[in-house]
Amino acid sequence: MLDEPGKSSPVFLGGTQDDLSAHATGPVQSTPMPPHGNSTLYYSRVQGHHRRQDAAAGRRVGVRLQGRRHGRDVHRLRHGPHQLSQGRVRQTCHRAFKTHIHLPVVDASEVGGRLCFSLPDGTDEKKVPVPKLVFHFAGADMDLPRENYFYVFEADAFMCLMILSNAEGDDTTTIGNFQQQNMHIVYDVQNNKLLFAPAQCDKAVISHIRDALRAVLHASCNMLPPVF
Numbered sequence: 000m001l002d003e004p005g006k007s008s009p010v011f012l013g014g015t016q017d018d019l020s021a022h023a024t025g026p027v028q029s030t031p032m033p034p035h036g037n038s039t040l041y042y043s044r045v046q047g048h049h050r051r052q053d054a055a056a057g058r059r060v061g062v063r064l065q066g067r068r069h070g071r072d073v074h075r076l077r078h079g080p081h082q083l084s085q086g087r088v089r090q091t092c093h094r095a096f097k098t099h100i101h102l103p104v105v106d107a108s109e110v111g112g113r114l115c116f117s118l119p120d121g122t123d124e125k126k127v128p129v130p131k132l133v134f135h136f137a138g139a140d141m142d143l144p145r146e147n148y149f150y151v152f153e154a155d156a157f158m159c160l161m162i163l164s165n166a167e168g169d170d171t172t173t174i175g176n177f178q179q180q181n182m183h184i185v186y187d188v189q190n191n192k193l194l195f196a197p198a199q200c201d202k203a204v205i206s207h208i209r210d211a212l213r214a215v216l217h218a219s220c221n222m223l224p225p226v227f
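Quick note on our numbering: the sequence shown kicks off at 0 and runs consecutively.
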C-alpha cells in the first residue's frame, strides 16, 4: 500500500477458498489459469477491459485486447509494481482516459512514459472524476478501485495512470502489484484456477493474529489437567 507505508499485509501459504472468503470484503471470483505449454508461467484469458464513466453520465468506453497467444487473449500476474500492456492497448487506454479527465496532460518524457495529469494548486485529487477500470476474465470481472490504477506524486502534483508498455514483441498483459492492492489472490495450481476477492489487507493481519491466538488459547485449555 504505497499511500500508507506504515501498514503491512500478510502472505498466506496454503489455505482454502473458505479462508479467502473469511477476509473478503466482496464476492470471491475465479477464472481458469492453465499452464502454457512448457512454460513455468500460468496464464489467464482476458476477454477485454474497459473504462466506465459514472452511472449518471451513462457512458462506457471499451477496448478489446488485441494480443493473442495461440488464439487466446492472455494475462499474467507478477511481482512488479506496474501493469504492462501491449503498445496499441496502452495507447487506446490512454486516449480513453484523456477524453474523460479534464486536466492538463504532462509531457510523457518527463514522467517515464506514463500518462500523467497536472493537478492545479489546491485540487483534491480524490474529487477529480476518473473512469472506472475493469478487467474482464473468463467468468470473472476485476473491478479496480481508483487507487489501484492512479497514483499521485505529491511533490510534482501529478496524478498518473500506472499502466506502461510491454517490451517490443510481448503480446501479454501483465497486471502488477499496484493493481493488486487490497485484494486477496489465490493461485490454485492444483486445480488450474485463479481466485480473487477485494479485501482490506491491513485488517487481515489483525484478524489473522486474533484467529491464531484463539487457536492457541483453545489448545492450551484442552491441555489442562481435568479438575475433580
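The C-beta atom is built at its ideal place from N, Cα and C for all residues, glycine as well.
Use the C-beta contact count for glycine 111: other C-beta atoms within 10 angstroms, 16 or more gives buried, fewer gives exposed. Translated into the one-based positions of the sequence shown, residue 111 becomes position 112. Exposed, by the Cβ-count rule.
What does valine 151 pair with, by DSSP beta-bridge criteria? Residue numbering aside, residue 151 sits at position 152 when the sequence shown is read from its first letter. Assignment of beta-bridge partners to valine 151 by DSSP yields Met158.
Ignore the nearest five residues each way along the sequence and tell me which others in glycine 36's own chain have a CB closer than 8 Å to its CB. Translated into the one-based positions of the sequence shown, residue 36 becomes position 37. Non-local beta-carbon contacts of glycine 36 in its own chain, meaning distances under 8 Å to residues more than five positions away in sequence, are absent.
Output the boundary residues of the beta strand (DSSP E) element that contains valine 185. Walking along the sequence shown from the start, residue 185 turns up at place 186. Boundaries of the beta strand (DSSP E) harbouring valine 185: 182-187, taken from the DSSP string.
Does the Cβ of histidine 135 have 16 or more other Cβ atoms within 10 Å, making it buried, or fewer, making it exposed? If you number the sequence shown from 1, residue 135 lands on position 136. Counting Cβ neighbours within 10 Å, histidine 135 comes out buried, since at least 16 surround it.
Should histidine 22 be flagged as near chain B, meaning a C-beta pair shorter than 9 Å? Any reference to chain B falls outside this structure, which holds one protein chain only.
Give me the residue from Lys6, Glu153 and Thr24 with the minimum Cα distance to glycine 121. Here residue 121 is taken as the residue at index 122 of the sequence shown, counted from 1. Distances from the CA of glycine 121 to each of Lys6, Glu153 and Thr24 were compared; the closest alpha carbon is that of Glu153.
Rank His101, His99 and Arg113 by C-alpha distance to the C-alpha of glutamine 90 and give the top, closest one. The residue given as residue 90 occupies position 91 in the sequence shown. Across the set His101, His99 and Arg113, the C-alpha of Arg113 shows the shortest separation from the C-alpha of glutamine 90.
Is there contact between the stretch 194-201 and the stretch 18-34, where contact requires at least three CB pairs shorter than 8 Å? Taking a cut-off of 8 Å for Cβ pairs, the stretch 194-201 and the stretch 18-34 touch, as three or more such pairs fall below it.
Taking DSSP as the reference, what is the three-state secondary structure of serine 8? Counted from its first residue, the sequence shown places residue 8 at position 9. DSSP places serine 8 in coil when its eight states are reduced to three.
What separation, rounded to the nearest whole angstrom, lies between the Cα atoms of lysine 6 and asparagine 181? On the sequence shown, position 7 is the one that residue 6 refers to. On the sequence shown, position 182 is the one that residue 181 refers to. Lysine 6 and asparagine 181 have their C-alpha atoms roughly 11 Å apart.
Between the C-alpha atoms of serine 117 and glutamate 109, what's the straight-line distance to the nearest angstrom? Taking the first residue of the sequence shown as position 1, residue 117 is located at position 118. Taking the first residue of the sequence shown as position 1, residue 109 is located at position 110. The alpha-carbon atoms of serine 117 and glutamate 109 are separated by roughly 12 Å.
In angstroms with no decimal places, state the Cα-to-Cα distance between cysteine 115 and threonine 173. Working through the sequence shown from its first residue, we reach residue 115 at position 116. Working through the sequence shown from its first residue, we reach residue 173 at position 174. Straight-line measurement puts the Cα of threonine 173 at about 20 Å from the Cα of cysteine 115.
Do the stretch 27-35 and the stretch 185-192 make contact, defined as three or more Cβ pairs closer than 8 Å? Between the stretch 27-35 and the stretch 185-192 there are three or more inter-stretch CB-CB distances shorter than 8 Å, so the stretches are counted as touching.
Could you tell me whether the Cβ atoms of methionine 158 and glycine 175 are closer together than 9 Å? As a position in the sequence shown, residue 158 is number 159, starting the count at 1. As a position in the sequence shown, residue 175 is number 176, starting the count at 1. No, the pair does not count as a contact, with Cβ atoms beyond the cut-off.
Starting from the C-beta of valine 27, find all residues in its chain whose C-beta is less than 7 Å away, skip the five residues before and the five after it, and write them out in chain order. For this step, residue 27 is matched to residue 28 along the sequence shown. Here the set comprises Gln16, Leu19, Ser20, Leu194 and Ala196.
Proline 103 to aspartate 142 span [Cα, whole Å]: Here the question's residue 103 lines up with position 104 in the sequence shown. Here the question's residue 142 lines up with position 143 in the sequence shown. Answer to the nearest angstrom: the Cα atoms are 26 Å apart.
Could you tell me the boundaries of the beta strand (DSSP E) in which threonine 30 lies? What you label residue 30 is simply residue 31 of the sequence shown in a count that begins at 1. Looking at the DSSP string, the run of the beta strand (DSSP E) that includes threonine 30 is 28-31.
Rank Arg145, Tyr41 and Ile184 by C-alpha distance to the C-alpha of valine 127 and give the top, closest one. Position 128 of the sequence shown, counting from 1, holds the residue named residue 127. Among Arg145, Tyr41 and Ile184, the Cα nearest to that of valine 127 belongs to Arg145.
With H, G and I counted as helix, E and B as strand and the rest as coil, what does DSSP make of leucine 19? For the purposes of this step, residue 19 is identified with residue 20 of the sequence shown, where counting begins at 1. Helix.
Mapping DSSP to helix, strand and coil, what is threonine 98? What you label residue 98 is simply residue 99 of the sequence shown in a count that begins at 1. Helix, per DSSP.
Where tyrosine 186 falls, given that 16 or more other Cβ within 10 Å makes a residue buried: To locate residue 186, count along the sequence shown from 1; it is residue 187. Of the residues assessed, tyrosine 186 falls on the exposed side of the cut-off, its CB having fewer than 16 other CB atoms within 10 angstroms.
Counterpart residues of lysine 192 in DSSP-defined beta bridges: Here residue 192 refers to the residue found at position 193 when the sequence shown is read from its first residue. Bridge partners of lysine 192 according to DSSP: Pro31 and Asp187.
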